[in-house]
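Visitor: Quick note: the sequence shown uses my numbering, first residue 4, plus one each step. We put the beta carbon where it would ideally sit given N, CA and C, even for glycine. All values derive from a computational prediction rather than experimental measurement. First, the structure itself, so that you have it in front of you.
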Amino acid sequence: MSLLENKDDLKTLVETLNFKEKVERSLGLIKEAFKIYGDGLVVANSLGKDSVAVWDLAKKVSPKIRGFIITTRFKPKETVGFMNEMTARYPELNVYKSDVKIPDKLYETDPDKCCDLLKVKPTRQAIEDMKVKCWVTGLRSTEGRTRTDFKEVEERDKGLIKLNPILIWKEREVWQYLALNGVKVNQLYGEGYRSLGCAPCTRITNEEDERAGRWIGTSKCGGECGIHTRPLKINQEGDGI
Ligand code: SF4
Numbered sequence: 004m005s006l007l008e009n010k011d012d013l014k015t016l017v018e019t020l021n022f023k024e025k026v027e028r029s030l031g032l033i034k035e036a037f038k039i040y041g042d043g044l045v046v047a048n049s050l051g052k053d054s055v056a057v058w059d060l061a062k063k064v065s066p067k068i069r070g071f072i073i074t075t076r077f078k079p080k081e082t083v084g085f086m087n088e089m090t091a092r093y094p095e096l097n098v099y100k101s102d103v104k105i106p107d108k109l110y111e112t113d114p115d116k117c118c119d120l121l122k123v124k125p126t127r128q129a130i131e132d133m134k135v136k137c138w139v140t141g142l143r144s145t146e147g148r149t150r151t152d153f154k155e156v157e158e159r160d161k162g163l164i165k166l167n168p169i170l171i172w173k174e175r176e177v178w179q180y181l182a183l184n185g186v187k188v189n190q191l192y193g194e195g196y197r198s199l200g201c202a203p204c205t206r207i208t209n210e211e212d213e214r215a216g217r218w219i220g221t222s223k224c225g226g227e228c229g230i231h232t233r234p235l236k237i238n239q240e241g242d243g244i
């Protein structure tokens, strides 16, 4: 049976597949999807460790696979530097950034709105501009409380497939892959961060939850910016950009 149609129990896979089997499964998922969607398969590269692992896997499947990066005015300078290195090396990575005017400190007063304007809307634009049929993410089911219910292949928006090829990898296995394949990561990981985002909304923590340092002190604490939970097809909500 096609890997894309599997109904395997994810929790069992997380605990029973070994590192090599997980890497082979991830490559298999991307290969099958690339065969179907070709140029319409595009990697969403957040520049975090999971995304750069997925990007490396995708490049092993085909150097032609394209990607997009959503950046914001609030990204740390280290992330901007890393992004510039990545885009210089991979011109097939398109950068999207919204310059829309927003109220001062919106990330404190209404972080959902801030993420919607600066992250979700540019993601919709990337999907529209790049004619994406299947977007590929670095989501992992063990990352935090909001990430336990995703599937390896989903169709949350009609006509837009979402592939999560490393959904069953543990944090340790991501680092194992990056080390074994010599993949460079954002220097902020060296400071102690485990999940990277915009500077005002990201802290170093020692919590068990990998995403616990995101949006501390707000209703979004440890949560999501919205690109994995909101509709992504323009005009689906009537408010696309
Ligand atoms: S992570 Fe924070 S600063 Fe970045 S878009 Fe979301 S609320 Fe705004």
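Taking buried to mean at least 16 other C-beta atoms within 10 Å of its own C-beta, is G226 buried or exposed?
Guide: Here the question's residue 226 lines up with position 223 in the sequence shown. That one is buried.
Visitor: Could you give the distance in angstroms between the alpha-carbon of M89 and the alpha-carbon of I72?
Guide: The count along the sequence shown starts at 1 and reaches residue 89 at position 86. The count along the sequence shown starts at 1 and reaches residue 72 at position 69. Their backbone Cα atoms lie some 10 Å apart in a straight line.
Visitor: Give the range of the alpha helix (DSSP H) segment to which F85 is assigned.
Guide: Counting from 1 along the sequence shown, the entry for residue 85 is found at position 82. Note, F85: alpha helix (DSSP H), K80 to R92.
Visitor: DSSP three-state label for I130, please.
Guide: Position 127 of the sequence shown, counted from the start, is the residue given in the question as residue 130. Helix at I130.
Visitor: Decide yes or no for the touch test of the segment 131-140 against the segment 26-42: beta carbon pairs closer than 8 Å, at least 3 of them.
Guide: Touching, yes, given that three or more Cβ pairs across the two stretches are closer than 8 Å.
Visitor: Where do the N-terminal and C-terminal ends of the alpha helix (DSSP H) with V64 fall, by residue?
Guide: For the purposes of this step, residue 64 is taken as the residue at position 61 of the sequence shown. Here the alpha helix (DSSP H) through V64 covers K52 to V64.
Visitor: Any heavy atom of ligand 1 closer than 6 Å to the CB of Y196?
Guide: To locate residue 196, count along the sequence shown from 1; it is residue 193. No, the Cβ of Y196 stays beyond 6 Å of every heavy atom of ligand 1.
Visitor: For P79, count the other beta carbons within 10 Å of its own beta carbon; 16 or more makes it buried, fewer makes it exposed. Which is it?
Guide: For the purposes of this step, residue 79 is identified with residue 76 of the sequence shown, where counting begins at 1. Buried.
Visitor: Ends of the beta strand (DSSP E) at I72?
Guide: For this step, residue 72 is matched to residue 69 along the sequence shown. Per DSSP, I72 belongs to the beta strand (DSSP E) from R69 to T74.
Visitor: So, do the segment 19-27 and the segment 166-186 have three or more beta carbon pairs nearer to each other than 8 Å?
Guide: A contact exists between the segment 19-27 and the segment 166-186.
Visitor: Would you call the segment 38-47 in contact with the segment 128-137, where contact means no fewer than 3 C-beta pairs closer than 8 Å?
Guide: Output reads yes: the segment 128-137 touches the segment 38-47.
Visitor: Any chance the CB of Y99 is under 6 Å from a heavy atom of ligand 1?
Guide: Here residue 99 corresponds to residue number 96 of the sequence shown, with the count starting at 1. Y99 Cβ: outside cutoff for every heavy atom of ligand 1.
Visitor: Can T75 be considered in contact with ligand 1, in the sense that its beta carbon sits closer than 6 Å to one or more heavy atoms?
Guide: Indexing the sequence shown from 1 puts residue 75 at position 72. Yes - ligand 1 has a heavy atom lying nearer than 6 Å to the Cβ of T75.
Visitor: State the Cα-Cα distance for the pair E81 and K14, rounded to the nearest angstrom.
Guide: Residue numbering aside, residue 81 sits at position 78 when the sequence shown is read from its first letter. Residue numbering aside, residue 14 sits at position 11 when the sequence shown is read from its first letter. Looking at the two C-alpha atoms, the distance is approximately 35 Å.
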